[in-house]
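Engineer: Our numbering numbers the first residue of the sequence shown as 64 and each following residue consecutively. Glycine residues also receive a C-beta, built at the ideal position from the N, C-alpha and C atoms.
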Amino acid sequence: MPPDERAIIHVDMDAFYASVEQRDRPELRGLPVIVAGLGPRGVVSTCSYEARRFGVRSAMPTAQARRLCPDGVYLWPDLARYEEVSDQVFEVFHEVTPLVEGLSLDEAFLDVTASQRLLGSVEAMGQRIKTAIRERTGLNASVGMGPNKLLAKLASELSKPDGFRRITAERAAAELAPLPVGRLWTVGKVTEQALHRLGIRTMGELAASDTARLASALGRQVTALQALARGEDERGVEPAQAEQSIGAEHTFDVDVAELAMAEAWLLRHCERIAARARQRGLQGRTVTVKLREPPFETYTRQAQLPAPSSSATEMYKLARGLLHAWWKAQRRPRLRLLGVSLSGFAAERQPDLFDTAPARRVADQVQDRINSRFGTGSLVRAGVLRTRERD
Numbered sequence: 064m065p066p067d068e069r070a071i072i073h074v075d076m077d078a079f080y081a082s083v084e085q086r087d088r089p090e091l092r093g094l095p096v097i098v099a100g101l102g103p104r105g106v107v108s109t110c111s112y113e114a115r116r117f118g119v120r121s122a123m124p125t126a127q128a129r130r131l132c133p134d135g136v137y138l139w140p141d142l143a144r145y146e147e148v149s150d151q152v153f154e155v156f157h158e159v160t161p162l163v164e165g166l167s168l169d170e171a172f173l174d175v176t177a178s179q180r181l182l183g184s185v186e187a188m189g190q191r192i193k194t195a196i197r198e199r200t201g202l203n204a205s206v207g208m209g210p211n212k213l214l215a216k217l218a219s220e221l222s223k224p225d226g227f228r229r230i231t232a233e234r235a236a237a238e239l240a241p242l243p244v245g246r247l248w249t250v251g252k253v254t255e256q257a258l259h260r261l262g263i264r265t266m267g268e269l270a271a272s273d274t275a276r277l278a279s280a281l282g283r284q285v286t287a288l289q290a291l292a293r294g295e296d297e298r299g300v301e302p303a304q305a306e307q308s309i310g311a312e313h314t315f316d317v318d319v320a321e322l323a324m325a326e327a328w329l330l331r332h333c334e335r336i337a338a339r340a341r342q343r344g345l346q347g348r349t350v351t352v353k354l355r356e357p358p359f360e361t362y363t364r365q366a367q368l369p370a371p372s373s374s375a376t377e378m379y380k381l382a383r384g385l386l387h388a389w390w391k392a393q394r395r396p397r398l399r400l401l402g403v404s405l406s407g408f409a410a411e412r413q414p415d416l417f418d419t420a421p422a423r424r425v426a427d428q429v430q431d432r433i434n435s436r437f438g439t440g441s442l443v444r445a446g447v448l449r450t451r452e453r454d
């Protein structure tokens, strides 16, 4: 590939949450593992490839998954642990290029055009990424490569699981022609059905169709759709902006009507957020509490810390005051969802020689070290333990 030609890599971890569970619990390997909310409102987050053979899919109601796969292993998501693994994966990406567009914890686009001069061909970089992820996390990633985002993503999707594939500009038309139009990133169900009514089911048929005929049914998007069907995509990789907030929230399977239980969940969220902020070297000043009453009425309450902080204790004290004020204002307080976020970040400050709370900092550091060594949640404040009754 000429060094001035765009080179895009798309990386998608295979069944990420389920794969982390199977890695950490070898007895689950080879079994249908479904990571999901386990209550009556639960939805599948992801599932292992063994579970997919039964028809289980992401975003499916857990109740439906249980009917399809009654003997599956059903697990609550452990988002803190998945975030830790995701951080390892993204470290690999940034060793190859600063131009990383994260789509989720387990998926990203990388623009490696400029990296070719230093690190070699796009295939060499793709293999480097795949190997490094495997060595550092023990997990498989599917890697797709192409001259644009569309082709790179299709290459990884078509080669899953544990895939490795490149689609060149020269091969794009032939590779895309037999694929269903629903694989195009802008084609939702409504557009797909409209194309089907016109007798167009593949990308090849879409690319070759009369533009005027299509426009009568699809309007202005026709030109863009036909360009995509030919493998043309001008979108650039957009690196993530500086983190604006760090949050955690939980939707309860049974509405919470007890203030003490709400406080316990609030503390659990604050611990998780504070640990992530310290890991990133961030301190925030704005604490926001999100509260949702059944069925779907949502409130937010916000306040400022006296100074930027990454202390769970300070964050919880402020958030607890916001929770109490809201609770007292409700005639019959009940919570379907409770969340907390920290924002208004500044870089972590140098320790103040006259800080009056050094013991708090030491306690946070000890907690971080223990949880880093033995796993997230190994050491928590006593108030958090009550939330495990509802896990």
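Please report the straight-line C-alpha distance between L455 and V285, rounded to a whole angstrom.
Structural biologist: Coverage of the chain is limited to positions 64 through 454, which leaves residue 455 absent and any answer about it impossible.
Engineer: Going along the chain, which residues of its own chain have a beta-carbon closer than 8 Å to the beta-carbon of H157, five neighbours each way excluded?
Structural biologist: In the sequence shown, the residue the question calls residue 157 occupies position 94. Excluding sequence neighbours, H157 sits near V163.
Engineer: How should Q346 be labelled, buried or exposed, when 16 other C-beta atoms within 10 angstroms of its C-beta is the threshold for buried?
Structural biologist: As a first step, residue 346 must be located in the sequence shown, where it is residue number 283. By the 10 Å Cβ count, Q346 comes out buried.
Engineer: Can you give the beta carbon distance from L368 to E377, rounded, assuming they're within the 8 Å contact cut?
Structural biologist: Along the sequence shown, one-based indexing puts residue 368 at 305. Along the sequence shown, one-based indexing puts residue 377 at 314. Contact holds; Cβ gap of about 6 Å.
Engineer: Look up S406 in the DSSP assignment and say whether it is helix, strand or coil.
Structural biologist: Translated into the one-based positions of the sequence shown, residue 406 becomes position 343. Here S406 sits in strand by DSSP.
Engineer: Hey, is the stretch 315 to 328 in contact with the stretch 250 to 263, meaning 3+ C-beta pairs nearer than 8 Å?
Structural biologist: No, because fewer than three Cβ pairs between the stretch 315 to 328 and the stretch 250 to 263 fall closer than 8 Å, the two stretches do not touch.
Engineer: Leaving out five residues before and five after H73 in sequence, what residues of the same chain have Cβ atoms less than 6 Å from its Cβ?
Structural biologist: Taking the sequence shown and counting its residues from 1, the one referred to as residue 73 is at position 10. Here the set comprises F172, G207, A215, K216 and S219.
Engineer: Do you know how far the Cα of M266 is from the Cα of P241?
Structural biologist: Counting from one through the sequence shown, the residue named residue 241 turns up at place 178. Counting from one through the sequence shown, the residue named residue 266 turns up at place 203. Answer to the nearest angstrom: the Cα atoms are 6 Å apart.
Engineer: Quick one: Cα of P35 to Cα of L239, how far?
Structural biologist: Residue 35 is absent from the model: the chain starts at 64 and stops at 454.
Engineer: Quick check: what's the CA-CA separation for R129 versus S111?
Structural biologist: Looking up residue 129 in the sequence shown gives position 66. Looking up residue 111 in the sequence shown gives position 48. R129 and S111: Cα-Cα distance of roughly 14 Å.
Engineer: According to DSSP, simplified to helix, strand and coil, what is S279?
Structural biologist: For the purposes of this step, residue 279 is taken as residue 216 along the sequence shown, with counting starting at 1. Of the three classes helix, strand and coil, the one that applies to S279 here is helix, per DSSP.
Engineer: Assign F117 to one of three DSSP states: helix, strand, or coil.
Structural biologist: Against the sequence shown, residue 117 aligns to sequence position 54. If DSSP states are grouped into helix, strand and coil, F117 belongs with coil.
Engineer: In the structure shown, what three-state DSSP assignment does G347 receive?
Structural biologist: Taking the sequence shown and counting its residues from 1, one reaches residue 347 at position 284. DSSP places G347 in strand when its eight states are reduced to three.
Engineer: Near G245, what residues of its chain come up, given a Cβ to Cβ distance below 6 Å and the 5 sequence neighbours on each side ignored?
Structural biologist: What you label residue 245 is simply residue 182 of the sequence shown in a count that begins at 1. Answer for G245: E255, listed in chain order.
Engineer: Does M266 come out as helix, strand or coil in the three-state DSSP assignment?
Structural biologist: As a first step, residue 266 is located in the sequence shown; it is residue number 203 there, counting from the start. Helix.
Engineer: May I have a chain-ordered list of the alpha helix (DSSP H) segments no shorter than 4 residues that lie completely inside the stretch 283 to 340?
Structural biologist: List check, alpha helix (DSSP H) in window: 285 to 292.
Engineer: By the DSSP assignment, the alpha helix (DSSP H) with I192 in it spans what residues?
Structural biologist: As a first step, residue 192 is located in the sequence shown; it is residue number 129 there, counting from the start. Taken as a continuous stretch (DSSP letters only), the alpha helix (DSSP H) holding I192 covers V185 to T200.
Engineer: Using CA coordinates, which residue listed in Y145, G310, R69 and L131 is at the minimum distance from D87?
Structural biologist: Here the question's residue 87 lines up with position 24 in the sequence shown. Minimum Cα distance to D87 is reached at Y145.
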